[in-house]
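All residue numbers for the sequence shown refer to the working numbering, where the first residue is 778 and numbers rise by one. From the three backbone atoms N, C-alpha and C, an ideal C-beta is built for every residue, glycine too. The model shown is predicted, which means the values in this text are computed figures rather than measured ones.
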Amino acid sequence: MDPQTILCDMCTEDRKPAKKTCMKCEISMCVQHLQAHLTTPVLLQTHPLTEPMDLCGNTKCSQHGKLLEYYCLDDMTCVCVSCAIEDQHRLHNMKTFSTAHKELLEKLKAEQLILQEKTDDENVSLEKWEKSEREKLGRCSVSLIEAVTNLRDISLTSVQSSVSARMVSLKTSKSSMEAAQKEKDTFRFLQMYSQVHQDVEKAKAVDLRKGLEPGSHRDKLVEEIRQNGEKMVKQAFQFWGSLLTLVDPEHHQELVPTGSDLIFKPQSLDPGMSLSKDKRKVFHNSWLGQCCATLLICSTKTASSYQRWVVSLPVESDWTIGLCEKTSAKNLKDGAVYGLCWEDKQLRNLITETDEDSQLSSSQGLKVQNTGTAKTATQFNTTSALITYQGENGEEPVPRPEKVEVLWNFPASTLSFFRRTGQHQREEIITMKLKVSVNNWDLVPFVQLGKENIHSTTQQQQWKCSCGKVYSWDGNRYRDNRSGSYYQGCCSCGKVLRPHITEMVCELY
């Protein structure tokens, strides 16, 4: 018989397995002794029966001394009738034992299905992820240890051999001189002197400086240490970054370069702006015009579940980065936009909302400054809010990020912005929920440099030559403001006019 089987308390000899337990009588009964409880109406109505259980004196309320008959779903505890109608449980959700058992069993089954689906999903399997990371780090650490050990052994062996060879020469010369000085016979002394002289000269030539002796062997070893050392340092750096990513993946993700399939597609370019041949860098010539451009970030590949891009942004000018409606890229006010905006030395978010969303945000006390964007036919407007963090002096504005990583999660309909502060470190700036359905709006990644709709196509910049003449640049050539004459590159005095200095202001990583 199973040791955990509950036996009948009324059997005097050859105790049989219990069929039910009476909570009021506090006894367990077999089929034979249970008949009285089943056939007597009073007992059947007033004596609650449960599956066989070891009572251990836990059937009565510790506060009132009455039989525990109900289960409080709010506090998840068994209570007596006095607890249920008089004390702190009187307003709680109370159930009889049988009803509570049935309802909670159904709840557990539903939760079991949810957990089963979660653990069966290979994409979020924690154990598989841990095993994969452990194996990857194991291979990486073994490779690193082998590289370090190999470099150490080569260096130590070479130095040890060099030092041993030099010490042998010194000891040999010392022994030779001592033997010669002890020799009293003139003939034998002269015969051995030639060898003693060679040993002494060899010892005198020994280089007693630390390290390897100068020569091709040392040069070759130094070059090998440099090459292997650089690889070893790179491996150590990657291993260090992998450990950070393993422990805190949210804030430590390796800065993996974006694919070469991502390029800038200009929608508007100021005359002073230009693109590199690979269309991944943006340049600005301050003499030719202002830093002002709107560029889409396009890909030749189709993303499945997410899209990621990393952009370095200009230090001096304003910028906006995020998602916009493709048809309104040239004028962001005409459509939906979700982004991060650096304007007037403040970092703000841009979110397109419905009127209902805006009212909800206001009712929740969010500090949202309406940008004044005109409503579209679908009744959407764009709002802006200052992004702050809890600093030593309370709420402080988030400083300008130099490099921003953007992650667009399609299934979750979220757009996350991170500040890249190192090869393996990033800080989340903000994650926003895309309240506009991607199915209804054709959203695309974009970068806007400078303020929207501000171009310098008609603006003429002036430059004064050392001879006193003042020139204006109209986008193609220089004009002498006094005479009205045009010049290509040199003043009438022969001095070269102001050179065109071009600098990179934006780059896709």
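Identity of the residues DSSP links to residue i by a beta bridge
i	result
M871	C849
K1210	T1191
V808	V808 is not bridged to any residue.
R1196	V1181 and E1204
R1125	C1118 and L1163
N1186	Y1083 and T1191
L844	K837
N1158	E1130
T817	Paired residue(s): none; T817 is not in a bridge.
L832	For L832, which the question treats as bridged, DSSP gives no partner whatsoever.
G1099	G1116 and F1223
G1168	G1171
Local conformation of residue i per DSSP, three classes
i	result
G1049	coil
S1290	This structure cannot settle anything about residue 1290, because the visible part of the chain is limited to 778 through 1286.
P1222	strand
T823	helix
S1269	coil
Q1296	This structure does not reach residue 1296, given that the chain is present from 778 up to 1286, and the question cannot be answered.
I862	helix
P1043	strand
E883	helix
S1105	helix
K801	coil
L985	coil
L1054	As written in the sequence, residue 1054 is Lys, which differs from the Leu given in the question. K1054 falls in the coil class under three-state DSSP.
L1241	The sequence as given places Lys at residue 1241; Leu does not occur at that position. It is a strand residue.
Continuous beta strand (DSSP E) stretch holding residue i: start and end
i	result
R1085	Y1083 to S1089
K793	Counting along the chain, K793 falls outside any beta strand (DSSP E), and DSSP gives it neither H nor E.
K1257	For clarity, residue 1257 is Asp in the given sequence; the question names Lys instead. Segment Y1255 to D1257, the beta strand (DSSP E) holding D1257.
G1283	Residue identity check: residue 1283 is Cys in the sequence provided, not Gly. Segment T1279 to L1285, the beta strand (DSSP E) holding C1283.
A1070	A1070 to S1076
T854	T854 to V856
P1174	G1171 to P1174
The alpha helix (DSSP H) enclosing residue i, as first and last residue numbers
i	result
H1061	Element bounds for H1061: not the alpha helix (DSSP H) but the beta strand (DSSP E), K1058 to N1062.
I783	Run containing I783: none; DSSP gives neither H nor E here.
Y1115	Per DSSP, Y1115 belongs to no alpha helix (DSSP H); it is in the beta strand (DSSP E), V1114 to E1120.
D976	T963 to K981
N1005	S993 to V1024
M954	L903 to K959
Specify whether the region 827–840 and the region 849–861 touch according to this definition: at least 3 beta carbon pairs, one from each stretch, less than 8 angstroms apart.
Counting Cβ pairs under 8 angstroms, three or more are found: they touch.
Inter-stretch contact (C-beta, 8 angstroms, three-pair minimum) for the region 928–937 and the region 964–974:
Output reads no: the region 964–974 does not touch the region 928–937.
Determine contact between the region 847–854 and the region 816–834, defined as no fewer than three beta-carbon pairs at a distance below 8 angstroms.
No, because fewer than three Cβ pairs between the region 847–854 and the region 816–834 fall closer than 8 angstroms, the two stretches do not touch.
Does the region 1036–1048 come within contact of the region 1072–1084, defined as at least 3 CB pairs closer than 8 angstroms?
Between the region 1036–1048 and the region 1072–1084 there are three or more inter-stretch CB-CB distances shorter than 8 angstroms, so the stretches are counted as touching.
Would the region 957–969 count as touching the region 993–1000 if we require 3 or more Cβ pairs under 8 angstroms?
Touching, no, given that fewer than three Cβ pairs across the two stretches are closer than 8 angstroms.
Are the region 1090–1103 and the region 1171–1191 in contact at 8 angstroms, needing three or more beta carbon pairs?
The region 1090–1103 is in contact with the region 1171–1191.
Touch test, the region 1011–1026 against the region 908–923, Cβ-Cβ under 8 angstroms, three pairs minimum
When Cβ pairs closer than 8 angstroms are counted between the two stretches, the region 1011–1026 is seen to touch the region 908–923, the count reaching three or more.
Touching by the beta-carbon criterion (3+ pairs, under 8 angstroms), the region 1260–1269 and the region 1197–1213:
With the cut-off at 8 angstroms, the region 1260–1269 and the region 1197–1213 do not touch.
Cβ contact check for the region 1052–1065 and the region 1157–1170: 3 or more pairs under 8 angstroms
Contact check between the region 1052–1065 and the region 1157–1170: fewer than three CB pairs, one atom from each, fall below 8 angstroms, which does not count as touching.
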